[in-house]
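In terms of my numbering, the sequence shown opens at residue 5 and continues consecutively. For each residue, glycine too, the CB sits at the ideal point set by N, CA and C. Please read all numbers here as calculations on a predicted model, not as lab measurements. One structure is given below, encoded as structure tokens.
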Amino acid sequence: MGGTTFLSRINPTLNCNNVAASIGISLCVNKYSQWGIPNCYKFANVWDGQTCSSISQMYASTLYYGLTDLYMCNNGLDCNNLRRGMTICTWCVGSDQP
């Protein structure tokens, strides 16, 4: 998602076609909300530079099926929008090893 599109989406009153009219208004630059994580046995926090692939590799002992398990344990996870400090589930009901 482009920067201008993202800013417009989280700041509905922003007029990107006339930025001068927006001088002095407050802008939201990170509209972050965490989804609920039910039935999770183990949690981890996302750090700068981590990707879904690196997380699934780091927690391979509990995310046996890699990205498939990561998505299953974190309904709504957007791997293009990971945020530092975000809590993710690294082992959940149904992701048990075969």
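Residue(s) in a DSSP beta bridge with C77: Sequence index remark: in the sequence shown, residue 77 carries index 73 (1-based). Under the DSSP definition of a beta bridge, C77 lacks any partner.
Between the CA atoms of S99 and M76 - distance to the nearest angstrom: Within the sequence shown, numbered from 1, the residue matching residue 76 stands at position 72. Within the sequence shown, numbered from 1, the residue matching residue 99 stands at position 95. Cα to Cα, the separation comes out at about 8 angstroms.
First and last residue of the uninterrupted beta strand (DSSP E) at N92: For the purposes of this step, residue 92 is taken as residue 88 along the sequence shown, with counting starting at 1. The question names Asn, but residue 92 in the sequence shown is Ile. Annotation: the continuous beta strand (DSSP E) that includes I92 extends over T91 to C96.
A48 - DSSP class collapsed to helix/strand/coil: Locating residue 48 in the sequence shown gives position 44, counting from the first residue. Reduced to three states, the DSSP call for A48 is strand.
Rounded C-alpha distance that separates C93 from A48: Counting from 1 along the sequence shown, the entry for residue 93 is found at position 89. Counting from 1 along the sequence shown, the entry for residue 48 is found at position 44. As the crow flies, the alpha-carbon of C93 is around 6 angstroms from that of A48.
CA-to-CA distance, N85 to M5, given in whole angstroms: In the sequence shown, residue 5 corresponds to position 1, counting from 1. In the sequence shown, residue 85 corresponds to position 81, counting from 1. Low confidence applies here, because M5 scores a pLDDT of 47, under 50, leaving its location unreliable and the question unanswered by this model.
Opening and closing residue of the alpha helix (DSSP H) in which I27 lies: In the sequence shown, residue 27 corresponds to position 23, counting from 1. Where I27 is concerned, there is no enclosing alpha helix (DSSP H), given that its DSSP letter is neither H nor E.
Cutoff 7 angstroms; reference P42; Cβ partners in own chain excluding five residues on either side: Here residue 42 corresponds to residue number 38 of the sequence shown, with the count starting at 1. Cβ neighbours of P42 beyond the five flanking positions: none.
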